[in-house]
Structure formats: structure tokens, C-alpha cells
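**Q** Each residue of the sequence shown is one higher than the one before, counting from 702 in this note's numbering. One structure is given below, represented as C-alpha cells, and several questions about it will come after.
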Amino acid sequence: MRIAVWIVSVLLALAFLFIGGVKVMMSAADLAAGSQGVPVVLLKIAGYAEVLGALGLVLPAATRILPVLTPVAASGLVITMIGATITNIIIAFYPVAVQTAVLGLLAAFVAWARFGPAAIAPRGTGEPRLAGGA
702 MRIAVWIVSV LLALAFLFIG GVKVMMSAAD LAAGSQGVPV VLLKIAGYAE VLGALGLVLP
762 AATRILPVLT PVAASGLVIT MIGATITNII IAFYPVAVQT AVLGLLAAFV AWARFGPAAI
822 APRGTGEPRL AGGA
């Protein structure tokens, strides 16, 4: 289970770093050209949220410094992907809506696993590395 959670976490982090990084790095004019009416400021905010969420999926768990932030980041990405899915449905980008829904479901899996069976104990607690014994 914990290997699957790590694989999904790393792949999600890479996906969100790419997706969010593109939104953050693109100029406002370029974003507006492909935004289908979605406000550029909303896309920029989503981009920063995705980049921060990507870092939060891996770094706290890997360093065992405040590892509770990993499922919190995953939960935040679930909320972001719910908004993205709804937005893509409204603007009739159905294939992209499916992609955002899948990313949201994978983030929900990571959140569930890191809050529960694959939780990681913080550094220096004297407990085993994995809180759930898994």
C-alpha cells in the first residue's frame, strides 16, 4: 500500500508541477488567449495552488517534517480539481473535465491513505517511520 501511495504521490506531484508551472510561467496575454473566458487571475491562482500542492504531496512525507501537511495538500488539490472539473464542464471542455476528475480522484486516494493506513509519523517521535504499521 505505501509503495502505491508513494508512486501516485510522485506522479501527481510531477503532473501538478507541470500543469501549475505552465499557468504560473505563461504571460497573462497567452493565458487569456486560451482561457475560454475563464478569468486569467483565477488561472494564475490555480497555478500557484497546484505548484504548492505538488510540493506538499511529497516534501512533508519525504522529510517527515510536519507530514500531516501531505494529506492536507492532497485534500486541497481535491478541492482545486473539483473546481477545475466543474469549470471545464461549464465551458464544454469534456475531455479535460475527465482529466481533472481523474487527478482529483488520485489526490483523494493520497489524502485518504496519508490520513489513514499509510500515515507517516513525524520525525523524532520515537515511533516507527509509518504510523499505521503498514
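Beta carbons are placed, not taken as given, at the ideal position from N, Cα and C, and that holds for glycine. Since the structure is predicted, the reported quantities are computational estimates derived from the model, not experimental observations.
1) Can you tell me where the alpha helix (DSSP H) with P772 in it begins and where it stops?
2) How far does the alpha helix (DSSP H) with P796 in it extend, from its first residue to its last?
3) State the DSSP-derived secondary structure class of I821, mapped to helix, strand or coil.
4) Touching or not, the region 743-751 and the region 713-723, by the rule of three or more beta carbon pairs under 8 angstroms?
5) Determine whether the Cβ of T781 lies closer than 8 angstroms to any Cβ atom of chain D.
6) Helix or strand or just coil, what does DSSP make of V741?
7) Between T801, L732 and A808, which lies nearest to S776 when the distance is taken from Cα to Cα?
8) With respect to the alpha helix (DSSP H) encompassing S710, which residues constitute its N-terminal and C-terminal limits?
9) Using 8 angstroms as the threshold, is the region 768-775 in touch with the region 727-744, meaning 3 or more CB pairs across them?
10) Quick check: the region 755-770 against the region 780-799, are there 3 or more CB pairs under 8 angstroms?
**A** So, from the listed chains and residues:
1) Here the alpha helix (DSSP H) through P772 covers L770 to I791.
2) Taken as a continuous stretch (DSSP letters only), the alpha helix (DSSP H) holding P796 covers Y795 to F816.
3) In the three-state scheme derived from DSSP, where H, G and I count as helix and E and B as strand, I821 is classed as strand.
4) These segments touch.
5) In the displayed structure, chain D is absent; only one protein chain is listed.
6) If DSSP states are grouped into helix, strand and coil, V741 belongs with the helices.
7) For S776, the closest of T801, L732 and A808 by C-alpha to C-alpha distance is A808.
8) For S710, the uninterrupted alpha helix (DSSP H) segment begins and ends at R703 to M726.
9) No: the two stretches stay apart, fewer than three of their Cβ pairs being nearer than 8 angstroms.
10) Of all C-beta pairs linking the region 755-770 to the region 780-799, fewer than three are shorter than 8 angstroms, placing the two stretches out of contact.
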